[in-house]
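Residue numbers (UniProt numbering): 1 to 441.
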């Protein structure tokens, strides 16, 4: 009887519901979110830059062979590099002005690939693979085949002319022999005609054999002569915003913001308990103000220590400490308020829903997959994700990229909006809900 009461009470029933919801929905979030890579790699824009009109045909061939939906073309390498730094394009393929000239002169030619390493690991590795594949394709299929054709064309024409002359001489000789046979005695004409036919067949066979052997020798000479060109197209990948080797480094912006956000998730719950306690003593508005001031102090102190630890572990320049401190301080303060919304609205049980929001931000924060590859749900979610702005700012500060002003502005707007929502919730609620866990039994 006691077991039945225990199983049918609210606590076990809620535990079962939570187990089902988390088991199903978290799997759906991760499975659908990370399905974007590598199947959606083709949604990332890339750029092909040709510095000479002589390279137009090659640029067109490369553009057609690229597995991307958006391939921009142009002749301004400086502009393409700027777009790469701003993440408006993810790979720049540059065909130098002297490329075709060097190929025709049998000199080494270079294809330049520019890659921004201050991006998600999946993007960087994927673009490296594309660069190597394109370089190999150009080297083996375009340069080698066209070069061998150029080397064999003239000798084959000469061989064909020689063979045509031999065939003409054979026809003339055959015609003369036929006239001689007609002048010979009738009794020997059949024997002479048979002999002429046999000699003609033998001569044609020699001409055909000479043609086959000549073509073979020309091809061998072309292959031997063109052997130095086989590896003459050097694929050179130029990287900007260099990231130290190791998955831990490339994922550092994601890991740092996830760690800070998880800390705010628990911290928001603890701060709420203090808020409820002081609301009874000094009033809800004053208690709310005290809670916000406490968030500022904790965010400033905590972000300083966390940022210093990150710089020490990653070996970054200490000059970046103040920028990272600003980023992480704003992230921590904004995340506190973001997690506080549901807790202020429905009490401590709001933390369970905040965990779902955290899981969504793991994908929508764009720490491992870029926004361009996400499905529509995550593309919309990233706008209201504190982690997205923090991860973007950390990428730019740790490894390089555009100024963090845009990311910080987005975070500040989101934080102000959330702060106003929290203040509205406090104003509308007459009494703050406080869950007594023993009531669940």
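Note that the Cβ used here is the ideal one computed from N, Cα and C, for glycine as well.
DSSP assignment within the segment 314 to 349 yields the following whole alpha helix (DSSP H) runs of 4 residues or more, N-terminal first: 321 to 346. Around the beta carbon of residue 197, a 10 Å sphere encloses fewer than 16 other beta carbons of the protein chains shown; the residue is thus reported as exposed. The secondary-structure analysis by DSSP pairs residue 72 across a beta bridge with 47. With at least 16 other beta carbons inside 10 angstroms of its own, residue 130 counts as buried. The DSSP-derived three-state label of residue 243 is coil. DSSP places residue 94 inside the beta strand (DSSP E), whose first and last residues are 92 to 95. Counting along the chain, residue 111 sits inside the beta strand (DSSP E) bounded by residues 109 to 116. With contact defined as three or more Cβ pairs closer than 8 Å, the segment 343 to 362 and the segment 262 to 278 are in contact.
Nearest to residue 365 by alpha-carbon distance, out of 284, 388, 336, is 388. Cβ-Cβ separation between residue 402 and residue 120: approximately 16 Å, too far for a contact (criterion under 8 Å). Runs of the alpha helix (DSSP H) spanning 4 or more residues and lying entirely within the segment 241 to 297 occur at 247 to 250, 252 to 282, in chain order. Pairing residue 324 with residue 305 gives a Cβ-Cβ distance that is not under 8 Å. Residue 4 and residue 13 have their C-alpha atoms some 12 Å from each other.
Around residue 295, the same chain offers 333, 336 as residues with beta carbons nearer than 6 Å, after the five sequence neighbours per side are excluded. In the structure shown, residue 404 adopts coil according to DSSP, grouped into three states. Residue environment for residue 111: buried (at least 16 other C-beta atoms within 10 angstroms of its C-beta).
Distance from the CA of residue 139 to the CA of residue 309, rounded to the nearest whole angstrom, comes to 47 Å. Between residue 327 and residue 393, the CB-CB gap stays under 8 Å. Taking 8 Å as the upper bound for CB-CB distance, residue 399 and residue 118 are in contact here, some 4 Å apart.
Residue 108 counts as exposed, since fewer than 16 other beta carbons sit within 10 angstroms of its beta carbon. Taking 8 Å as the cut-off, the Cβ atoms of residue 127 and residue 373 do not count as close.
Between the segment 47 to 57 and the segment 89 to 97 there are three or more C-beta pairs closer than 8 Å, enough to call the two in contact.
In this structure, residue 258 sits near residue 362, with a CB-CB distance shorter than 8 Å.
Assignment of residue 81 by DSSP, reduced to helix, strand and coil, places it in the helix class. Short of 6 Å from the beta carbon of residue 275, and not among the five residues preceding or following it, lie these beta carbons of its own chain, in chain order: 287, 291. For the segment 361 to 404, the full-length alpha helix (DSSP H) segments reaching 4 residues or more read 376 to 381, 386 to 398 along the chain.
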